[in-house]
Each structure stands twice: as structure tokens, then as C-alpha cells.
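With full-length UniProt numbering applied, the sequence shown corresponds to residues 1 to 278, in that order. Note that the Cβ used here is the ideal one computed from N, Cα and C, for glycine as well. Beneath this line is the structure, given in C-alpha cells, with notes to follow.
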Amino acid sequence: MLLRVLPRGPGFPLFPMPGSLPPQLRGPDAGGVIPPIGKSPRWPIVVDMRPSESPEPATPAEPAATVILLRDSARGVEVLLLERPHHRGSFAGAWVFPGGRVDPEDAALSAPGDDQAAARQAAARETLEETGLTVTVDALVTVARWTPSETQARRFQTWFYYAKAPGDPVVLNPDESVDHIWISPAEALDRHASGRFRLAPPTWVSLSALVGTSSAEDALARARAADPEYFASRFHADPLVVVWEGDVSFGAPELVDAEGPRHRLDMTGLPWRYQRSS
């Protein structure tokens with residue numbers, strides 16, 4: 001069995017369940033927020049979580065879309081990351097790709113029942129609203145669909161797309177983001193590893209996939225030639241990992257430490273480690 005390990009990766013040093021958070025760091029509904037950098041480096045949390053043994057039914061996942069904007073630079077391919085406000089939202093203080101929920105207006109512009117088309121409309125709309133950059137629906141290349149763990153309090157089933165960035169300047173929506181940066185995937189991961197960036201697991205994995213890409217066209221061509229990946233996340237608290245289909249413990253949490261195939265993100269410490277058997 002060949003095990004591919006990407007040692008790059010930053011991460012939140014911990015991804016605790018809400019019940020383990022100290023009271024001063026618990027957010028609404030026993031969730032949590034990422035504290036400002038330097039305030040509490042031991043307790044960053046990027047999304048509200050419900051304990052896995054909760055008897056409550058899983059919250060239905062809301063449709064959403066994200067765009068990974070690519071551009072070429074003298075240092076190689078770069079992506080656009082936006083910094084979310086630190087004190088509100090599910091991804092408070094995190095660096096994210098542009099994106100958001102699929103709205104009724106997006107569905108109205110699509111054929112009835114065509115969820116992918118509605119997500120593409122949302123991706124283009126959210127990119128314009130958050131960055132001032134225009135990307136056409138036809139320019140979007142589907143990369144992946146992420147479905148969060150059923151233990152997560154608020155869930156977004158999110159389509160991820162690549163698109164080549166236009167040459168216009170970024171104009172932020174101050175209600176959505178407080179800063180932005182064009183950065184190479186490797187540099188973003190290095191900053192996360194040193195604690196300067198906060199990234200959610202889907203962002204981290206998406207950046208890892210782009211490390212070593214020679215150009216925006218190279219990334220787009222590879223995505224067009226491949227089928228989209230489907231990530232249905234399952235979180236384990238001890239050890240702190242998120243696993244996907246293909247992992248020995250997917251659907252069998254008691255096997256999280258067992259020998260066997262791996263498809264997981266190990267978040268037990270810095271740097272995070274992506275493991276995938278092939």
C-alpha cells in the first residue's frame with residue numbers, strides 16, 4: 001500500500017468539540033469562534049460543532065459554492081484568499097476563497113432541479129459581490145464537492161470551482177472580508193503552519209492540491225481532465241482527524257487507529273498532514 005503524505009500544512013493546532021472549550025471561548029449555541037491571533041493560540045475553532053453522540057438529527061446541508069481564483073505571477077500560480085471578520089460568522093478570522101450560499105435568485109436562473117447550475121450562478125455572483133471581479137459561469141471548472149460532517153451545527157454542501165482571474169483590481173465588500181491577498185498555495189500553507197493563517201480543512205486540502213502547479217492553465221487543464229472529487233467529512237476528536245471515503249475509519253470511528261487504507265487530514269498538531277492511500 002502506497003501512502004501519500006503531504007507534510008505541509010498549517011492548521012489550527014486544535015479543533016476541539018464545543019464541550020471542551022473554556023467558557024470564555026464558547027460562541028452562541030455552545031459553538032466557538034476563532035479568537036484573534038495572539039489572544040489564545042491553543043483554542044482556535046473554525047466552525048461550530050455538535051458532539052458526535054448528539055441525539056439530534058443532522059442539520060440539512062445548505063447549498064453553497066466557492067471559487068478558487070487563479071493567476072500567474074513571477075513566483076508561479078497564485079490564488080486569492082479573503083480574510084473573514086474575526087468576531088462573527090462560521091469562519092470568523094479564517095482565510096477563505098470567495099463564495100457563499102446558493103440563493104433563490106441563483107436557482108431561478110437555472111433549470112428546475114439543476115443544483116449544479118444554480119451553484120455556478122451563485123459562484124459567479126458571490127465572486128462579484130465579495131471581490132468586484134467578474135467570472136462567467138462558463139469559465140468555472142468544477143473541482144470538488146464538500147459535504148460537512150453531520151455533527152456540524154450549520155452545514156454547507158459546497159461546490160468548489162477553479163477560474164482564471166481577470167486582471168482587474170480586487171474591491172472588497174467590507175461586510176464580508178477585512179483583507180485579501182494573492183498568494184502561492186505553498187506560501188499560504190507555510191503561513192498556516194506558523195500560525196499566521198487560519199484555514200478550514202477544505203481550504204487547506206484545496207491549497208495542497210495546487211502546490212507545484214506550474215500555471216493557472218495547468219491547473220485548469222488538469223481539473224477539466226479529471227472527475228470532481230466528493231468529500232463527505234467525518235470528524236474524530238481523539239485523535240483529531242477528519243476522514244473521507246476510502247479511510248479505514250470512514251463510517252467506523254472505532255477503527256480510527258487501526259491499520260488500513262488512509263484518506264484523512266491529521267490535525268493533531270502542526271503542520272497538518274494529508275494522508276491518502278493509492
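Contact check for V170 against T127 fails: the beta carbons are separated by 7 Å or more. Distance from the CA atom of Q152 to the CA atom of R120, rounded to whole angstroms, is 24 Å. Leaving aside the five residues that flank P261 on each side, the residues in its chain whose CB is nearer than 7 Å to its CB run, in chain order, M1, G246, D247, V248 and S277. Annotated three-state conformation of P271 is coil, per DSSP. In the DSSP secondary-structure assignment, Q116 is not bridged to any residue. Beyond the five residues adjoining it in sequence on each side, V178 comes within less than 6 Å, by CB distance, of E83 and P85 in the same chain, given in chain order. In terms of Cβ geometry, L210 and P185 form a close pair [threshold 7 Å]. Within the same chain, Cβ atoms closer than 7 Å to the Cβ of E78 are found at R71, W182, I183 and S184, the five residues on either side in sequence being excluded. When the five nearest sequence neighbours on each side are left out, the beta carbons in the same chain lying within less than 8 Å of the beta carbon of G76 are those of S184, T213, S214 and S215, in order along the chain.
Around the beta carbon of E130, 16 or more other beta carbons sit within 10 angstroms, so the residue counts as buried. Annotation: F156 to A122 spans about 13 Å, alpha carbon to alpha carbon. Put simply, the backbone Cα of A117 is about 20 Å away from that of A225. The Cβ atoms of L265 and P166 lie no closer than 7 Å to each other. Annotated three-state conformation of S194 is coil, per DSSP. CA-CA distance, E105 to V137, rounds to 15 Å.
In the same chain as V243, and ignoring 5 residues on each side of it, the C-beta atoms closer than 6 Å to its own belong to R234, S249, F250 and R264, in chain order. With contacts defined as CB atoms closer than 7 Å, L69 and A188 fail to qualify as a contacting pair. Looking at the backbone, the Cα of S206 and that of L172 are separated by about 22 Å.
A straight line joining the alpha-carbon of G269 with that of T203 spans about 17 Å. Around the beta carbon of G99, 16 or more other beta carbons sit within 10 angstroms, so the residue counts as buried. In the DSSP assignment, L82 falls within the beta strand (DSSP E) that extends over G76 to E83. Residue state for P185 is assigned as helix, using DSSP reduced to three classes. DSSP, reduced to helix, strand and coil, places A65 within a strand of the structure shown. Among the bridge pairs identified by DSSP, D72 is matched with V77.
Counting the other Cβ atoms within 10 Å of the Cβ of G93 gives 16 or more, which makes it buried. When D114, L140 and A221 are compared, the shortest CA-CA separation from P63 is found for D114. In the DSSP assignment, D266 falls within the beta strand (DSSP E) that extends over H263 to D266.
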